[in-house]
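Here is the structure we will look at, set down as structure tokens.
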Amino acid sequence: MDDILGTFVLNLADVYTTKPQFQGFRGDVYLHGKAAGSISGKIRITLPSKLDKLQEGFIPIPRMEMAKCACLIT
């Protein structure tokens with residue numbers, strides 16, 4: 010389902026690295042099945058097991074859990 014801004018899909022396998030670091034991404038935004046623009050930026054994927062809980066400013070954020078999958082949104 011589209012929202013008012015459209016839809017963008019990012020394959021996390023394209024931006025995940027074993028050592029968390031920012032990776033650039035770019036892709037098309039679609040609205041009602043038609044190209045409506047593009048989006049680009051940088052993203053860093055950090056698995057919960059890789060978080061440095063002693064890091065200054067660390068704020069734990071609740072996880073969304075599903076069978077065999079956990080997502081941490083920061």
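Take my numbering: the final residue in the sequence shown is number 83, and no numbers are missing along the way. Backbone N, C-alpha and C fix where the C-beta goes; we use that ideal spot for every residue, glycine too.
- In the displayed model, Leu21 falls within a helix according to three-state DSSP.
- Around Ala44, the same chain offers Asp37 as residues with beta carbons nearer than 7 Å, after the five sequence neighbours per side are excluded.
- Approximately 6 Å separates the beta-carbon atoms of Phe34 and Gly50; this is inside 8 Å, confirming the contact.
- Relative to Leu56, the option among Tyr39, Gln30 and Gly46 whose CA is nearest is Gln30.
- Ile48 is positioned such that its CB atom lies closer than 8 Å to that of Phe17.
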